[in-house]
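Numbering (UniProt numbering), first residue to last: 1 to 662. Glycine is no exception: its CB is placed at the ideal position from the N, C-alpha and C atoms. Just so we're clear, the structure is a prediction, and the values are computed from it rather than from any experiment. Just below is one structure, and these are the notes that go with it.
Okay, structure coming up:
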């Protein structure tokens, strides 16, 4: 019988049967292996730990969660630096005062299409806390959400909503994404129940949020008929639990225990790479009263890829001197192991930061102890003042009335008082350390424009940074990350990851580029010059490169001076215009040099040159834009309306790109 079957098969049939049989064997072998203990397949054994932000119901849609847990409020955030995320958490906690539990979600962690089902929730309320990043762009985690909502395929009929936007008025597109989403949600059928909040980080973002929130909460309660539960105001979000002796602890990692000893790509904000500092040297001369560091991070073997124009995120640690001051003031054992666990068992965020850990590690790596203290923190810790005068003062700072806002703006914002400063001044205030850790915001990564090109060395990433250091009264204020970087000698380690940027050189190497970057704004252009030099050395035609560089004095802070001379010598940098603001009686800035060379600039732009700007958004970027439009009018012969339209078209076609900060 078998002979008859085999004789009826041709060669191709036998090949197919053989492949099927082989596949079946592999399937059963793998199934067998998967049933074996992990220690029989891997060495060493890795401890199993729940990440700090893991979703307890990861296989469940947020809509199903809202139904099953009887939650009517959905809060979504678009956050680049963690502020919008923190504000979302505060709003969720505020809602507990009305005995309501909100679902707080990161749009990056959900299927945005599920928003189409939000109308299935009775009396659904959608709150967006959404920041605008860069030049009117959504934050990295909100890109998909914004694209989905703007596509117009979502029906939000019956849903009510409110939006709080986070932006900065020094940028041209102030709160662009918040405004866009506020309008789009209404177009999709949702009903606005409260006006949009416009937070301005250039002025007082915390005050803007306080005022909006104080008016928003009563309005929502009135809309839905919620009643205030006064007992809920003092409820904590997390409870401290003991950790058994010998338990593995987080020591600064973010996603999983041992992440730095056993790195696994891809590397991002939730899984940074522990890079080695290869170079850390001073760029200013001995005549400068400031410091600017050139730092190179080795990412050899990490598979991290970057392009000239990208950003490097650096995770700092807090100043150990400040950590020790908190330990001394609050009198606790810094090496005590603990974990904070959300009292809401259904919450997606089980821990405020990686747990279990020690108090010292949490204060060093996970919470921000240097930022100006937020109003809700002042309100919470006021309960732990033994002196009535100090309690009254902290309560006043946390109150969103005229007197409270004025005093908060003076004492906290203008004078930049951190939690360390507040507890130093209010000596009777002794909050429990575990409660303080719950209240403080997460310590965030700092972003630096990459000052190198992978075409020169793909395994090293360079940045340059001016060290932030100044005094207010008798208090010395240090920049968290630049202070941290000054302590990092060659051979030491630091967690980093690369964030992609939209600022890119033209695809055609023959296209002219105009680069405007005073101070450390020159950083991405160092990468651009290295990139073009690589192509020139390879025999490609390279277009003219115009650099407008500015600093205070050529003998003090003229960074990369020798390199720029070499780029000129090699005819990669064809035009170098330097503006020294303090080398002569009259201050000269990059926009002045731009105007002096207006004929050449107009000719280059009119022939297709790309313009790039990097640096200060508050003054320099605006002045440069105004100068360019003046050139369009007076040299290009355009009317004021035409000049504005020409500039807008350059933005739209990516012939004008900016990487600016305030």
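Looking only at DSSP bridge pairs, what is residue i linked to?
i	result
residue 133	137
residue 319	For residue 319, which the question treats as bridged, DSSP gives no partner whatsoever.
residue 447	313
residue 188	BP columns for residue 188 are empty, so no partner.
residue 593	Its beta-bridge partners do not exist; DSSP assigns none.
residue 614	659
residue 339	241
residue 281	294
residue 546	514, 575
residue 495	274
residue 76	105, 128
If you drop the 5 nearest sequence neighbours on each side, which residues of the same chain put their C-beta closer than 6 Å to that of residue i?
i	result
residue 523	449, 451, 464
residue 542	509, 532, 535, 536
residue 439	377, 380
residue 172	none
residue 35	Caution is warranted here: a pLDDT of 37 is assigned to residue 35, below 50, making its placement in the model unreliable, and the coordinate value is therefore given only provisionally. Within the same chain, residue 35 has no close Cβ partners at all.
residue 627	591, 594, 595
residue 398	375, 378, 379
residue 136	173, 176
residue 504	309
residue 69	346
residue 636	602
Should residue i be labelled buried (16 or more other beta-carbon atoms within 10 Å of its own) or exposed?
i	result
residue 531	buried
residue 304	buried
residue 301	exposed
residue 411	buried
residue 489	exposed
residue 527	buried
residue 375	buried
residue 546	buried
residue 483	buried
residue 71	buried
residue 320	exposed
residue 179	buried
residue 100	buried
residue 31	At residue 31, the pLDDT of 40 sits below 50, so the modelled position is not reliable and the matter cannot be decided from this model.
residue 328	exposed
residue 165	buried
residue 181	buried
residue 296	buried
residue 279	exposed
residue 131	buried
Give me the Cα-Cα distance between residue i and residue j, rounded to the nearest whole angstrom.
i	j	result
residue 572	residue 335	55 Å
residue 580	residue 556	10 Å
residue 53	residue 602	Low per-residue confidence applies at residue 53: pLDDT is 37, beneath 50, and the placement is therefore not dependable enough to give any value.
residue 502	residue 662	19 Å
residue 205	residue 415	15 Å
residue 315	residue 462	15 Å
residue 617	residue 518	12 Å
residue 349	residue 515	44 Å
residue 186	residue 145	16 Å
residue 425	residue 659	39 Å
residue 75	residue 190	15 Å
residue 453	residue 651	24 Å
residue 631	residue 525	23 Å
residue 520	residue 615	7 Å
residue 568	residue 597	18 Å
residue 156	residue 621	39 Å
residue 408	residue 392	13 Å
residue 561	residue 653	33 Å
residue 354	residue 287	44 Å
residue 104	residue 638	50 Å
residue 674	residue 588	With the chain represented from 1 up to 662, any question about residue 674 goes unanswered, as that position is not in the structure.
residue 272	residue 312	11 Å
Only counting the same chain, and skipping five residues up and downstream in sequence, which positions put a Cβ closer than 8 Å to that of residue i?
i	result
residue 361	249, 250, 251, 252
residue 260	252, 253, 274, 493, 495
residue 372	206, 412, 413, 416, 417, 418
Please determine whether the Cβ atom of residue i lies at a distance below 8 Å from any heavy atom of the ligand FMN.
i	result
residue 510	This structure simply doesn't include the ligand FMN, nor any ligand for that matter.
Taking CB distances under 9 Å as the criterion, tell me whether residue i reaches chain C.
i	result
residue 499	Among the protein chains of the structure shown there is no chain C, as only one such chain exists.
Within its chain, find whatever has a CB closer than 7 Å to the CB of residue i; leave out the 5 residues flanking it on each side and keep chain order.
i	result
residue 92	75, 102, 104
> If we count Cβ pairs, one from each stretch, closer than 8 Å, do we get three or more for the stretch 226-242 versus the stretch 192-202?
Replying inline: Put simply, the stretch 226-242 does not touch the stretch 192-202. Fewer than three CB pairs are less than 8 Å apart.
> Does the pairing of the stretch 259-279 with the stretch 492-507 give three or more beta-carbon distances under 8 Å?
Replying inline: Under the Cβ criterion (8 Å, minimum of three pairs), the stretch 259-279 counts as touching the stretch 492-507.
> Would you say the stretch 76-83 touches the stretch 132-142, given that touching needs at least three Cβ pairs under 8 Å?
Replying inline: By the Cβ rule, the stretch 76-83 counts as touching the stretch 132-142, because three or more pairs are nearer than 8 Å.
>> For the pair the stretch 467-476 and the stretch 103-111, tell me if three or more CB-CB distances fall below 8 Å.
In response: A contact between stretches requires three or more CB pairs, one per stretch, nearer than 8 Å, and the stretch 467-476 fails this requirement with the stretch 103-111.
>> With three or more C-beta pairs closer than 8 Å as the rule, is the stretch 117-125 touching the stretch 85-92?
In response: With the cut-off at 8 Å, the stretch 85-92 and the stretch 117-125 do not touch.
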